[in-house]
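Chains as they are written, first to last, in this note's numbering: chain P, 1 to 766; chain E, 767 to 1532. Cβ coordinates follow ideal geometry from the N, Cα and C atoms, glycine included. Note that the coordinates shown come from a computational prediction; the quantities given were computed from them, not determined experimentally.
Protein chains: 2
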Amino acid sequence: MATIYDIAVGAALNVVTAVAFLLLFALLRLQPVNDRVYFPKWYLKGTRASPASAGATVAAAKYINLDMRSYLNFLSWMPAALKMPDDELIQHAGLDSVVYLRIYRTGLKIFVPITILAFAVLVPLNWTNDTLETLKVVHSDIDKLSISNIPYGSKRFIAHLVMAYVFTFWTCYILMKEYQIVAKMRLRFLASEKRRPDQFTVLVRNIPSDPDESVSELVEHFFLVNHPGHYLKHQVVYNTNKLAGLVEKKKQMQNWLDYYQLKFERKAERPTTKTGFFGCSGSDVDAIDYYKSEIEKIGKEEADEHKKVMKDPKSIMPAAFVSFRSRWGAAVAAQTQQTSNPTVWLTEWAPEPRDVYWNNLSIPFVSLTVRRLIIGVAFFFLNFFYVIPIAFVQTLANVEGIEKALPFLEPFIETPTIKSFIQGFLPGLALKIFLILLPTILMFMSQFEGLVSHSSLERRTASKYFIFLFFNVFLGSIVTGSALEQLNTYLHQSANDIPRIIGVAIPIKATFFITYVMVDGWTGVALEVLRLKAFIMFHLKNFFLVKTEKDREEAMDPGSICLYWSEPRIQLYFLLGLVYAVVTPLLLPFILVFFALAYVVYRHQIINVYNQRYESGAQFWPNVHLRIITALIVSQLLLLGLLSTKGLEEATPALLALPVLTIWFHKYCKHRYEPAFVRNPLQEVMRKDTLERARERNFDLKAYLADAYLHPVFKSNEAGKFYVADDPGAEAVIVPTKRQSRRITPVQSEDGGSGRLNLMESVHKR
Amino acid sequence: MATIYDIAVGAALNVVTAVAFLLLFALLRLQPVNDRVYFPKWYLKGTRASPASAGATVAAAKYINLDMRSYLNFLSWMPAALKMPDDELIQHAGLDSVVYLRIYRTGLKIFVPITILAFAVLVPLNWTNDTLETLKVVHSDIDKLSISNIPYGSKRFIAHLVMAYVFTFWTCYILMKEYQIVAKMRLRFLASEKRRPDQFTVLVRNIPSDPDESVSELVEHFFLVNHPGHYLKHQVVYNTNKLAGLVEKKKQMQNWLDYYQLKFERKAERPTTKTGFFGCSGSDVDAIDYYKSEIEKIGKEEADEHKKVMKDPKSIMPAAFVSFRSRWGAAVAAQTQQTSNPTVWLTEWAPEPRDVYWNNLSIPFVSLTVRRLIIGVAFFFLNFFYVIPIAFVQTLANVEGIEKALPFLEPFIETPTIKSFIQGFLPGLALKIFLILLPTILMFMSQFEGLVSHSSLERRTASKYFIFLFFNVFLGSIVTGSALEQLNTYLHQSANDIPRIIGVAIPIKATFFITYVMVDGWTGVALEVLRLKAFIMFHLKNFFLVKTEKDREEAMDPGSICLYWSEPRIQLYFLLGLVYAVVTPLLLPFILVFFALAYVVYRHQIINVYNQRYESGAQFWPNVHLRIITALIVSQLLLLGLLSTKGLEEATPALLALPVLTIWFHKYCKHRYEPAFVRNPLQEVMRKDTLERARERNFDLKAYLADAYLHPVFKSNEAGKFYVADDPGAEAVIVPTKRQSRRITPVQSEDGGSGRLNLMESVHKR
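This is how it looks when you write it as structure tokens:
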């Protein structure tokens, strides 16, 4: 049992670590040499140039800040980060980032009043009992502040009941407000946006194959017939996976060549390399010559592949980006079903060009459902069999466990400070390291599922990760830890008793989660602002590779908010806060500190560092909302389980109403606000269309959209030279068809609008 | 414990009853006097006239069939019912009826091979054991055929496991095939349909209020701006609930007047009535004069109300039927979101005019979610507290229970035939009577929820009814009955054990369900064909009221398939069949007989009797599919529970895969086929539009749609005189607005397309 003293030592340790990191950051960020590590966003914006180019008056000043005054207020970045108003921040970093920050703000809004109320009402109520002392249970001072200290059957539980209601209503109120605000922000953002290719474009997948017409012709005919007057142009999708591989390989080779050339310049001795396995086996050759010839070879291959892709009809995927004359036309095409077979001609809003995940564009429908099943089963196993290592970590983190496993360490461990250190630091840290690898695996799983945009991939991965965290970190920590402590008593119980079992274990686990919040939350956030990895990588590259300004530009890695692993982790704090709000209010201040610190740090990072890869317009908010609601319901069920053992008969029915009401609230919110994140209302697009048409009468939309949705491989290589220049012309509404005769292809009568086509054909023939 | 003998007596009784009903039907239907009871459909079609009007050559022949030959083959209606081909049947009775019959056919398709396989494999396997005899358990011969006869831990259970897989795959295969066929039928039906108002019309609900414009103007402006070139006309919805009430009251009074006038004609003595409570209190008055004056009074009231409704803007509801120039326009409007606020301007496909449930058209959005919550909670209580009376019925139906409660009946009950009668007939009959009232209550609940079409009301009620039947008839019969028999042993167990508890009770309950199938299924269906209620009502009316041919027409009540109470009952048979297929295959033949008999009877009724009130195009099929899938999963879980007690460790994981696969299969089917029942593909509507435009160039769609969506009250009264004749004209695309100034109503800038309106205004002013 950890005591208040243990917690205090842990807190002190974490505060010291966090403050050390923050100090280090404050020092490092003032050095001009680190400017590109801590302010890359401004370089990308073009408002900041390398100090080198500003003229080297003092050689040292290029690398080290000699202005002593600037060191004095080393926390000045914090108010600076908070200064920028939201509208400017949206302009600066996009809506996604601003709404991401709102998650932390929502946390503060929810938990500040809850903390105050809990400390005003529940803490005194819990403290003024002596149940634990009378029962002579092993307990710590923390337990004296928790619900455990209330005697069996006491009427005081009514206060906890009422508080559960108050907390639920407050949380729901804030959630609704936030949903409202975010929805409004999104709509305003979409309305104020400049012309963007994805506003006019729809992604069409599963185009059926046709023996008479190519994919391109088929798409054109289909949309000319079924969306007459709205269709503008389309861009077929090529299978460029091989080509992209070659380009990637060439780039690597170029990197090696640069490396060896640099080496040669410095040492004036021609470097050699081995041709075999990763340069470790095979015969020695001159490295520069070797890589030069390799690059030439790959370049040739690439050109061949390029030609092949353009010519071979098999390399055209059954998918296309179809653009329309107006936003209205695109909105209609994206929201409607095209044919009676719902598995072909699937239309959806085209993601932003930057957001497209090209590799998945060609997966057919049947394969998609099978892939989803496979990933479902795989994720199930990953989720439930990962518990074993966590249990192992938990056992180690237990002082008594270590003493039993390694008895010779006992005298060492029993030193009070060491013991506190182990109990206050190790469990969280071990878990943390353990979890670092996971998001990448989950991302691979989502990619295999076949989603077509980076944003949807991130959202899907975030859901998986949250489920994982819930079962393995939250429930896993409670049940496994308790199972070790309480000797397997309830491993053989049934599903009905689970809320009770976990509920009862919840107060016991408070100290563990406090240390977890400190290590993962406080220290983790402080590490985030330090950007250790980017710092090291930049200086390594800067030292070894950078020759020109452009190289330095490339060595800079602004990174981005990785929604798929950071958002679920925030959700874990929501879960902890809501679960412990009634049970052990002492946890709440720790969570508040986390939310406040993280808010400032991420705001700073978003302003100065991160460069988002795409802009989804806060499409992830419904997921955030859903997960907080889930956390709320879990907290209610666990409280129900806990109180059912406390001898208050009236509690169960009174608490059962809460999850029902919460689920209903969620349904209401989903119905009321979610459409704003999924669909595109016609009134809005019509207004934009009308305004734009009035302003710019002769805008050439076709030229504007020409190569918006060309695969980046084509773009980077030969500047859009290869896009298919099909020009049906605005006037040619009568569609020439290549079909030879009706009789040869009778099966085709049900596809691509042939009804009208043939009608027109016959009209034509007369 | 019921023995084979009990079952045989029960079966004999039921067969005799059913055959008696069928014989009676065969006799009655041949009498010309009953022609309008048993063949009303043909009268409505106009292909059959009253025998009276055909010339009364033989007076008696008008009422009684004297042709002796026709009595000889009294079952001739059965092959006749089967003769009509499906396409003709669709023409004759609509797609809904034909697809309804497919449910029975699906039952036959699923259960015929399953029965054969179960009898070939499982029955011999179960029979060739003597577990029950060795254990000296009280058992009947039926149990010897069931899974109970296999010894603990026997390898024979593997056969049951394999059969569970085979049955699941077969059921899924048939379900997929049927879904495919029904979807194709629906698409062909929709494609072949003639022009219908609902193809061009969209129901718009929650039109926001506007201080400057009336609802009618607002609708016109909104759709002219946001669907330019497609909007044609609209029809506002009036609050006619009071008016409809008056019309109804007047009709009742007219009925009474007719009754007293007839009485007067016969008795030549002026009848009197009392003015008070239902003619039971108050002073005596002359009945004919009284009703005449009453009718006059109500007629005046009605006319006043009529005027008020037409003039008062408050009686115009914020809902409208908006019609478009083409099916394409309507399809687009129905499938897209109109404004950024998803709670206003809600569009959906207009139901058929006949299908509209007028009373619910005006319920606002917030009220809808609250209503849904209320009904959810109310249904929960109805569902779970209805169990009590069922338990009571079950206790009574138990011979031992009756003997205990009423000991003086013992000698009477112990007579073997009486005992068999009680055990074979009473439980089913009591349950049956008990359930008759329920569907009406559930329908009221659905109406309160605010659905706007009869078809969706029926579907929603069917879902509720199925849930009720599942919990109360199926689970209630098993758990309560068993609880009485097995002395409360597992009432205090947990949720995890429920599949085990029920699974174990399943074989014991087989005899109960066999009697249930016989009473509810066999005799019930035979009663259905007899149409006892319609028969009595028609002859009563015919005797007392009918004077003219038109009266006789009105006395005729063809009725319709009440999907909301008949479909869930069929589903109960699917559930029983699937659950008992592996456990007690003896139940299967009884279910087969039911499906076959019901198929023939309902086919006959659909051809000769029923007249559907509306046509939804088989929109209920996804629900049918979902419920069979549910039954399948329930059967798998119960088998899992049962086998977990049988000492075969390998069974659990092997069976766990089944529900996962089944759920995945359901998801696949939903994704693949459901859109055909919900959305309207653009390709199809475009094809129809194009064909029609080519055929009838100058069709006046506006006149055609003029009063299609007028409330029936207006229509019946003054033949559509009252519909609002707003004629924006095809040319007037520039919308005159009534707004006084932008400055007065700044709040309005976000509604009804004012963006474009004001743009046009300003263009206009120049």
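Minimum Cα-Cα distance from E/V970 among the listed residues E/F1087, E/E1458, E/I940, E/S980 corresponds to E/F1087. Note on geometry: alpha-carbon atoms of E/G1325 and E/I1373 lie some 13 Å from one another. When rounded, the separation of the alpha-carbon atoms in E/G919 and E/L1414 is 5 Å. Of all alpha-carbon atoms in E/F1210, E/N1389, E/V781, the one lying nearest the alpha-carbon of E/A1144 is that of E/F1210.
Using beta-carbon distances, E/V1098 counts as an interface residue toward chain P, with a partner under 9 Å. Using a Cβ-Cβ cut-off of 9 Å, E/H1437 counts as an interface residue toward chain P, since at least one Cβ of chain P sits closer than that to its own. Assignment of P/E265 by DSSP, reduced to helix, strand and coil, places it in the helix class. P/Y614 carries a coil assignment under DSSP once its states are collapsed to helix, strand and coil. Put simply, the CB of E/V1426 is near chain P, with a gap under 9 Å to one of its CB atoms. Going by beta carbons, E/F1361 and E/F791 fall outside the 9 Å limit.
When CB distances to chain P are screened at a threshold of 7 Å, not a single residue of the segment 956–978 of chain E falls below it. Collapsing the DSSP output to three states places E/M1083 in a strand. The secondary-structure analysis by DSSP pairs E/Q1001 across a beta bridge with E/F1087. The residues Y673, A676, in chain order, have a CB closer than 6 Å to that of P/A183 in the same chain once the five nearest residues on each side in sequence are set aside.
Of all residues in the segment 172–187 of chain P, only L187 place a beta-carbon less than 7 Å from a beta-carbon of chain E. Between E/D853 and E/S1382, the beta carbon gap of about 19 Å keeps them out of contact (Cβ cut-off 8 Å). For E/W893, the enclosing alpha helix (DSSP H) stretches over residues 889–893.
P/K314 is classed as exposed because its beta carbon has fewer than 16 other beta carbons within 10 Å across all chains shown. A residue is called buried once 16 or more other Cβ atoms fall within 10 Å of its Cβ, and E/T1418, having fewer, is exposed. For E/L1392, no CB of chain P lies under 9 Å from its own CB, so it is not counted at the interface with that chain. Only T369, L373 from the segment 361–382 of chain P bring a Cβ to less than 7 Å from some Cβ of chain E.
Closer than 7 Å at the C-beta level to chain P, one finds no residue of the segment 1387–1416 of chain E. Secondary structure of P/S446 (DSSP, three-state): helix.
Contact note: P/P675 reaches chain E through Q1103, P1108, using a C-beta cutoff of 7 Å and chain order. Among the CB atoms of chain P, one or more fall inside 9 Å of the CB of E/Y1434.
Taking a Cβ-Cβ threshold of 7 Å, the residues of chain E close to P/P681 are Q1103, Q1104, T1105, S1106, in chain order. Secondary structure at P/T347: strand, using DSSP grouped into helix, strand and coil. Taking each of P/I478, P/E305, P/T523, P/A333 in turn and checking the Cα distance to P/F21, the smallest one comes out for P/T523. Neighbours of P/W664 in chain E, taken as residues whose beta carbon is under 7 Å from its own, are L1139 in chain order.
Between the beta-carbon of E/D1466 and that of E/W1094 there is about 19 Å, and that puts the pair past the 8 Å contact cut. Comparing alpha carbon positions, the residue from E/G1287, E/Y1330, E/P1205 closest to E/R1225 is E/Y1330. Here E/V981 is near E/S975, since their CB atoms are less than 9 Å apart.
A Cβ of chain P is located within less than 9 Å of the beta carbon of E/W1111. E/K1029 sits away from E/E1071, with the two beta carbons spaced by 9 Å or more.
The beta-carbon distance between E/L1405 and E/V1348, rounded to whole angstroms, is 6 Å. This is short enough to meet the 8 Å contact definition.
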